[in-house]
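**Student:** Please see the structure below; I have some questions.
Residue numbers (full-length UniProt numbering): 1 to 343.
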């Protein structure tokens, strides 16, 4: 190794933020292992890299003894005094043992250590960037498939869309741009693992924040979301300003805002309903698009008995019970739907 190597470490410190001294210490430690592996010695060795020139020297460290039992680890006082006249029994003395061709091994080892540390630093930077960003919305490009996982490229890193977070009705094609919801960021020995979702209700919330300025500004609030991904979602909204219609704000002019969300979700149906602190009114709204005649609520058991016109019964229940199921999930109430005829 030489002065150019030391200058390269200076450059890495500036560009990557990795301490030059920490790199040199790591290289010295790796060189001890490399020396022992290549020269098969059991002696105690210390390796020193000159911080100015990059010159590498190997030192055998021996304890000064009156009587030498292990020449690899010990040196007699007489021999030690030839190196340093001031030594005494019990001192540790360093004797240079640098092999002639050690420079090539040193250069190769140093390169491996530096590359490894750069990789670790880059992984840490990515982890720091995404740690704490759970619930964020990000856009990436579908890269490839790994078993049943979809791998999405965000530019700086790749994220995983696992099977249970995919939408069953969606087709994922490499090269397509896609918005995903960050579900989990965790540190592993192989670098950060970022898990994303397309089926989480939080994705719908973030998409509405993008399309509806009133939500982003906090005037309109999303109170609850019930979702059956790929099929239908109900969103309960409330306005903090009585002059702003929360449903109208989310639907947008000519339905443009909600349509933009529907398009991103590949045609998933979205019902936007008005939230109310009055449980009966809230439940009635949640069963939209069905018209409700009356709602009786039992606060203790959280059961709501709902009466709808006969011709609205199938609409209130929905295909395979979906409308009633989503309304119950949205409101947190058990909903029993009947018509006057079968009451």
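Note that CB positions come from ideal geometry on N, CA and C, so glycine has one too.
(1) I'd like the span of the alpha helix (DSSP H) that includes residue 10, first residue to last.
(2) Could you spell out the range, first to last residue, of the alpha helix (DSSP H) harbouring residue 317?
(3) Which residue from 57, 223, 320, 26 puts its Cα closest to that of residue 103?
(4) In whole angstroms, give me the CA-to-CA distance for residue 205 and residue 225.
(5) Which of the three DSSP states is assigned to residue 149 in this structure?
(6) If residue 284 and residue 292 are in contact, beta carbons under 8 angstroms, what's the gap, nearest whole angstrom?
(7) Going by C-alpha to C-alpha distance, which of 268, 306, 267, 260 sits closest to residue 281?
(8) Can you list, in chain order, the residues of its chain with a C-beta nearer than 6 angstroms to that of residue 197? Leave out the 5 residues immediately preceding and following it.
(9) Compute the Euclidean distance between the alpha carbons of residue 133 and residue 317, then round it to the nearest angstrom.
(10) I'd like to confirm the pairing. Which residues does DSSP put opposite residue 59 in its beta bridges?
(11) When the Cα of residue 144 is compared with those of 217, 213, 314, 160, which residue comes out closest?
(12) Report buried or exposed for residue 214, applying the criterion of at least 16 other Cβ atoms within 10 angstroms of its Cβ.
(13) In three-state terms, what does DSSP make of residue 384?
(14) Inspect the beta-carbon positions of residue 268 and residue 230 and report whether they are closer than 8 angstroms.
(15) Closest to residue 349 by CA distance: which of 217, 321, 114, 175 is it?
(16) Do you know offhand how far residue 354's Cα is from residue 140's?
(17) Can you have a look at residue 244 and say buried or exposed, based on whether 16 or more other CB atoms are within 10 angstroms of its CB?
(18) My guess is that residue 30 and residue 109 are in contact by the Cβ rule of under 8 angstroms, so how many angstroms apart are they, rounded?
(19) Can you round the beta-carbon distance between residue 275 and residue 220 to whole angstroms, since I take them to be within the 8 angstroms contact cut?
(20) Which same chain residues, not among the five before or five after residue 336, have their C-beta less than 8 angstroms away from its C-beta?
(21) Given this structure, state the Cα-to-Cα distance separating residue 54 from residue 193, to the nearest angstrom.
(22) Please confirm whether residue 232 and residue 112 have their CB atoms less than 8 angstroms apart.
(23) Rounded to whole angstroms, what's the CA-CA distance from residue 45 to residue 6? Just pull it up for me.
(24) Using a Cβ-Cβ cutoff of less than 6 angstroms, which residues in the same chain neighbour residue 200 once the five nearest sequence positions on both sides are dropped?
(25) Helix, strand or coil for residue 210 per DSSP?
(26) Using only CA atoms, which one of 59, 24, 17 lies nearest to residue 35?
(27) Can you tell me whether residue 14 is buried or exposed? The criterion is at least 16 other CB atoms within 10 Å of its CB, across all chains shown.
(28) Does DSSP classify residue 270 as helix, strand or coil?
(29) Within the same chain, show all residues whose beta-carbon is closer than 7 angstroms to that of residue 117, passing over the 5 residues directly before and after it, in chain order.
**Tutor:** In brief:
(1) First-last of the alpha helix (DSSP H) with residue 10: 3-16.
(2) 313-317
(3) 57
(4) 8 angstroms
(5) strand
(6) 4 angstroms
(7) 306
(8) 165, 181, 183
(9) 38 angstroms
(10) 46, 96
(11) 160
(12) Result: buried.
(13) This structure cannot speak to residue 384, because the chain is shown only from 1 to 343.
(14) In this structure, residue 230 lies closer than 8 angstroms to residue 268 by Cβ.
(15) Outside the displayed range of the chain (1 to 343) lies residue 349, so it cannot be described from this structure.
(16) The displayed coordinates of the chain run from 1 to 343. Any statement about residue 354 would go beyond what the structure contains.
(17) exposed
(18) 5 angstroms
(19) About 10 angstroms; that fails the 8 angstroms criterion.
(20) 303, 304, 305, 306
(21) 37 angstroms
(22) no
(23) Cα to Cα, residue 45 sits roughly 23 angstroms from residue 6.
(24) Excluding residues within five positions, the ones whose Cβ falls inside 6 angstroms are 181.
(25) helix
(26) 59
(27) With fewer than 16 other Cβ atoms within 10 Å, it is exposed.
(28) strand
(29) Within the same chain, and ignoring the five residues on either side of residue 117 in sequence, the residues whose Cβ sits closer than 7 angstroms to its Cβ are 18, 23, 26.
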